[in-house]
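K.L.:
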Amino acid sequence: MHVVASRLSSVPVPAAFRLVLSLLLAFTGLVAIRAETPDIVVSEAWARMAPNGRNGAVFMTIENRRPADTAIVSAASPAARVVELHEMAMQGDVMRMRKIEKIALPARQPVKLQPGGLHVMLIGLVKPLEAGEHVALTLTLEDGTDIRVSATVRAMGGH
Numbered sequence: 397m398h399v400v401a402s403r404l405s406s407v408p409v410p411a412a413f414r415l416v417l418s419l420l421l422a423f424t425g426l427v428a429i430r431a432e433t434p435d436i437v438v439s440e441a442w443a444r445m446a447p448n449g450r451n452g453a454v455f456m457t458i459e460n461r462r463p464a465d466t467a468i469v470s471a472a473s474p475a476a477r478v479v480e481l482h483e484m485a486m487q488g489d490v491m492r493m494r495k496i497e498k499i500a501l502p503a504r505q506p507v508k509l510q511p512g513g514l515h516v517m518l519i520g521l522v523k524p525l526e527a528g529e530h531v532a533l534t535l536t537l538e539d540g541t542d543i544r545v546s547a548t549v550r551a552m553g554g555h
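Under the working numbering, think of the first position of the sequence shown as 397, with each following residue one higher.
1) I'd like to check one pair, L509 with I458: are the Cβ atoms closer than 9 Å?
2) Short of 6 Å in beta carbon distance, which residues of its chain neighbour L417, apart from the five on each side in sequence? Order them along the chain.
3) If you drop the 5 nearest sequence neighbours on each side, which residues of the same chain put their C-beta closer than 6 Å to that of G520?
4) Taking the DSSP output, what are the residues bridged to S546?
5) Assign E497 to one of three DSSP states: helix, strand, or coil.
6) When we look at the beta-carbon of T466 and count the other beta-carbons within 10 Å, is it buried (16 or more) or exposed?
7) Tell me the rounded alpha-carbon separation between L535 and D489.
8) Of the choices N448, R444, E538 and R462, whose alpha-carbon is the least far from that of V454?
9) Helix, strand or coil: which one does DSSP assign to A527?
10) Report the residue ranges of all beta strand (DSSP E) runs contained in full by the stretch 433-517; include only those spanning at least 3 residues, in chain order.
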């Protein structure tokens, strides 16, 4: 068997054949990567510019592609001393922001974190958030899964 392998390795292989073989292997690798789609997908992640440097907020769309419901139970970021899950809700005639214990992610449904609704609050920013920068954020699900997010900082009023 060693002799056969030795003889095969000495057979000249045309460059075109090597190129086609390399492309096929590369394509096969890409297909395999695409098949490994995450079951929790975060898109459109952005943070509101916070030039005063006190507090900030992060917004995004999260799609739970799992067959069962789950929830975000905590968040962390090196950009702030404290990170909390929040919602804006009407209390009587007043819109109030309050800390919540979790953000539900129903099975196979997108959930929007947006101004005036659910969001991740960054309290005690380490430095002001300037437009064009990125904020690293880790969301933790109730099963302990961590999801790393990079949110682009947008100017005030920008969406």
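All C-beta atoms, glycine included, are put in the ideal place defined by N, C-alpha and C.
P.N.:
Per the coordinate set shown:
1) yes
2) Low local confidence applies: a pLDDT of 44 at L417 is under 50, so the model's placement there is unreliable, with the coordinate-based value given in what follows. Same-chain partners within the cutoff: there are none.
3) A476, R477 and V478
4) A532
5) coil
6) buried
7) 32 Å
8) R444
9) coil
10) 436-444, 451-460, 466-472, 476-487, 490-495, 499-501 and 505-509
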